[in-house]
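Protein chains: 2
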Amino acid sequence: MNHRFEPIAKEPAYLKVFRTIEADILAGRLEPGASLPTEGELSNQFGLNRSTVREGIRQLEEAGLVERGAAKRLIVCRPEAGSVAQRASRSLAHQGVTFIDVWETLVLVEPEAARLAASRCTEEQIEAFEAAHAAFDTLDADDHEKLVELAVGFFQRVAECTDNDVLLVTLQSLNMLIAPPLRLVLGRAPRATRRIRDAQAMIIEALSKGDGDKAAEWMLKHVNDLKRGFSVAGLDLNDKVL
Amino acid sequence: MNHRFEPIAKEPAYLKVFRTIEADILAGRLEPGASLPTEGELSNQFGLNRSTVREGIRQLEEAGLVERGAAKRLIVCRPEAGSVAQRASRSLAHQGVTFIDVWETLVLVEPEAARLAASRCTEEQIEAFEAAHAAFDTLDADDHEKLVELAVGFFQRVAECTDNDVLLVTLQSLNMLIAPPLRLVLGRAPRATRRIRDAQAMIIEALSKGDGDKAAEWMLKHVNDLKRGFSVAGLDLNDKVL
DNA sequence: ATTATCGGGTTGTCGGACAACGTAAGATGA
DNA sequence: TCATCTTACGTTGTCCGACAACCCGATAAT
């Protein structure tokens, strides 16, 4: 009797352009690395004005589905893990998350991620860990920026060792949220550098031995230390991360 | 002596428009709910053509920072968790992740998330769980779509109970990756419905009692069941989720 | 008071135009 | 013949001007 009609979609044309090309990329009809037709060609094929097509292209860009390659041609690109995580991280920051939110999540996932990493990391990855760790020896005590990089980079490497793309992106987005609060901490907690270095050393040792339990245990200590440093520095755990 | 200069950024103007407005939103100078000037006004203020401004606006749209509200005016919106997660999830799917990647991550986070949920969920949330669970009784055995919705919705509710925005977004993106493989499973595993219902019942009971251990334990069983169903259905764990 | 009509303002789309830049092909030199 | 320079062309980024469709608020009609 009373048949329900779908609300008829009245999308603007530029959105259709976006969705159409997105669908083709997603379905694999446009392979990563392939180059899209020129704007002129696209507007011909779609039967739309170049301005309209351009607006759709800008959205593809922001979605990370295409990039301007050489010759400025548009290149299809499956966004790599890093950029995906960056986007996710930025969105999280927009949300106004607090340090306690980040820390809780770190506690929840990092130790288990370290356990997984212990069972999967390769020789090369261990070497990369040790090479990065050596940078602590030549570290200027006041070079906070470098230390932040080392700390976050360490987490990133652990994430890579899990050999799991979903976990990788998840951890990466999380890790990027560590940097801002860590910067705050470093200015006020002189002992932090040493504690970070020691914890990393223990975790690296555990990883190299494939000792998942120890890796998880020390990762938990390491993450807890972050929170401790935050408190010691007299900062409010409920402050916005960004 | 030899001072290093930053490579001078030669961003196109539409990108500057995007970044400028984004920065203002991020810094809180533009509050969520506030409405942006009209396109004409913006192009005046920026000293750019309306077309150029429009391209920047399209990017803000895709980034989820603005929406067209009533009167089609652009209104600033901090993207809510759901849409952030959706974007993240879509990006993950683009990556071509496999079911085993998703499952591994589920095993890693869902039980602990359930434990956290047990210690934090409110009366209303428990009631919502029970209301949703009641839907199983009136469920048509062949209505796979409805069952998928119930299954994913359950995970979402658990995520909400954690009362942690970071975890919420993380879990939500993950949960959205469950639906496609689950659809495949349901067609070939007739017992799945009952198993899902029972596991949910146990978890809900644990949550209502604030029994974190039990919640985690059953959540683990629940997630493992997903993988089991996937194998039973004769599907390849290394297949792409999407 | 409710409904119908009208006007102004805004967006979505269009067509055309041009400078800047990179590419590629052709011209020039060793 | 091969390398290098020059030139013409194509593409992008930006601009201008224009118009229909649409939404909202104000006014008029029932």
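Going down the list, the protein sequences come from chains A and B.
Residue 117 in the working numbering is what sits at position 135 of the first sequence, and the numbering runs on without skipping anything.
Residue 69 in the working numbering is what sits at position 87 of the second sequence, and the numbering runs on without skipping anything.
Here a beta-carbon is modelled for each residue, glycine too, at the ideal position from N, C-alpha and C.
| query | result |
| --- | --- |
| Using the C-alpha atoms, what's the distance from A:Ile7 back to A:Thr20? | 16 angstroms |
| By the criterion of Cβ-Cβ separation under 9 angstroms, what are the contact partners of A:Asp147 in chain B? | Leu74, Gln77, Gly78, Val79, Thr80, Asp83 |
| Output the distance between the C-alpha atoms of B:Pro93 and B:Asp218, rounded to the nearest integer angstrom. | 24 angstroms |
| Output yes or no for whether 8 angstroms exceeds the beta carbon distance between B:Ala5 and B:Thr34. | no |
| A:Ile160: which of A:Ala197, A:Gly135, A:Val58 sits nearest, CA to CA? | A:Gly135 |
| In this structure, does DSSP put A:Thr20 in helix, strand or coil? | coil |
| Could you please give me the residues that DSSP links to B:Glu49 through a beta bridge? | B:Ile57 |
| Determine the contact status of B:Arg36 and A:Glu37, defining contact as a CB-CB distance below 8 angstroms. | yes |
| So, at 7 angstroms on beta carbons, what are the nonlocal neighbours of B:Val140 in its own chain, with the 5 sequence-adjacent residues on each side left out? | Ala95, Ala96, Ala99 |
| Give the single residue among B:Asp119, B:Cys143, B:Val66 whose Cα lies nearest to the Cα of B:Glu109. | B:Cys143 |
| In terms of residue numbering, what span does the alpha helix (DSSP H) encompassing B:Val167 cover? | 161 to 168 |
| Just to confirm the assignment, what range does the alpha helix (DSSP H) spanning A:Glu94 have? | 81 to 102 |
| If contact is defined by three or more beta carbon pairs under 8 angstroms, each pair taking one atom from either stretch, is the segment 162 to 181 of chain B in contact with the segment 205 to 215 of chain B? | yes |
| Return the first residue and the last residue of the alpha helix (DSSP H) that A:Val(-1) is part of. | -5 to 8 |
| Near B:Ala67, which residues of its chain fall below 6 angstroms by C-beta distance, leaving aside the five closest residues on each side in sequence? | Val151, Gln154, Ser155 |
| Distance cutoff 8 angstroms, beta carbons only. Does B:Glu21 sit that close to anything in chain A? | no |
| Quick one: is B:Ala45 near chain A, going by C-beta distance under 8 angstroms? | yes |
| Buried or exposed, going by whether 16 or more other CB atoms sit within 10 Å of the CB of A:Ser245? | Chain A is shown from -17 up to 224; residue 245 of chain A falls before or after that span and cannot be answered. |
| I need the boundaries of the alpha helix (DSSP H) containing B:Thr175, first residue and last residue. | 174 to 191 |
| Which one or two residues does DSSP pair with B:Lys222 in a beta bridge? | B:Thr80 |
| Can you give me the start and stop residues for the alpha helix (DSSP H) that B:Thr34 sits inside? | 32 to 44 |
| My assumption, with CB atoms under 8 angstroms, is that B:Val91 sits in contact with A:Leu202. Please give the rounded CB distance. | About 15 angstroms separates the two Cβ atoms, so there is no contact after all. |
| Distance, Cα to Cα, B:Asp122 vs B:Leu129? | 9 angstroms |
| Pull up the CB-CB distance for A:His76 and B:Arg176, whole angstroms please, since I reckon it's below 8 angstroms. | Going by Cβ atoms, the distance from A:His76 to B:Arg176 rounds to 41 angstroms, so no, they are not a contact pair. |
| Relative to chain A, which residues along the segment 25 to 49 of chain B have a C-beta separation below 9 angstroms, given in chain order? | Ser33, Arg36, Glu37, Gly38, Ile39, Arg40, Gln41, Leu42, Glu43, Glu44, Ala45, Gly46, Leu47 |
| On a CA-only basis, which of A:Gly46, A:Ile82, A:Asp83, A:Trp85 is nearest B:Ser73? Give me that one, please. | A:Gly46 |
| Candidates B:Phe212, B:Thr87, B:Leu168, B:Ile3: which alpha carbon is nearest B:Arg40's? | B:Ile3 |
| Since B:Gly15 contacts B:Val58 with CB under 8 angstroms, what's their CB separation in whole angstroms? | 7 angstroms |
| How long is the line joining the alpha carbons of B:Ala181 and B:Leu224, rounded to whole angstroms? | 26 angstroms |
| Quick one: Cα of B:Phe137 to Cα of B:Asn157, how far? | 7 angstroms |
| By the 10 Å Cβ neighbour count, where 16 or more other Cβ atoms means buried, how is B:Asp119 classified, buried or exposed? | exposed |
| Would DSSP call A:Leu153 helix, strand or coil? | helix |
| Given that a residue counts as buried once 16 or more other Cβ atoms are within 10 Å of its Cβ, and exposed if not, what is B:Arg170? | exposed |
| Output needed for B:Arg55: all residues of its chain with C-beta closer than 8 angstroms, excluding positions within five of it in sequence on either side, in chain order. | Ser17, Leu18, Thr20 |
| Using the Cα positions of A:Asn26 and A:Val(-1), report the straight-line distance between them to the nearest angstrom. | 12 angstroms |
| Give a yes or no on whether the minimum CB-CB distance between B:Leu12 and chain A is below 8 angstroms. | no |
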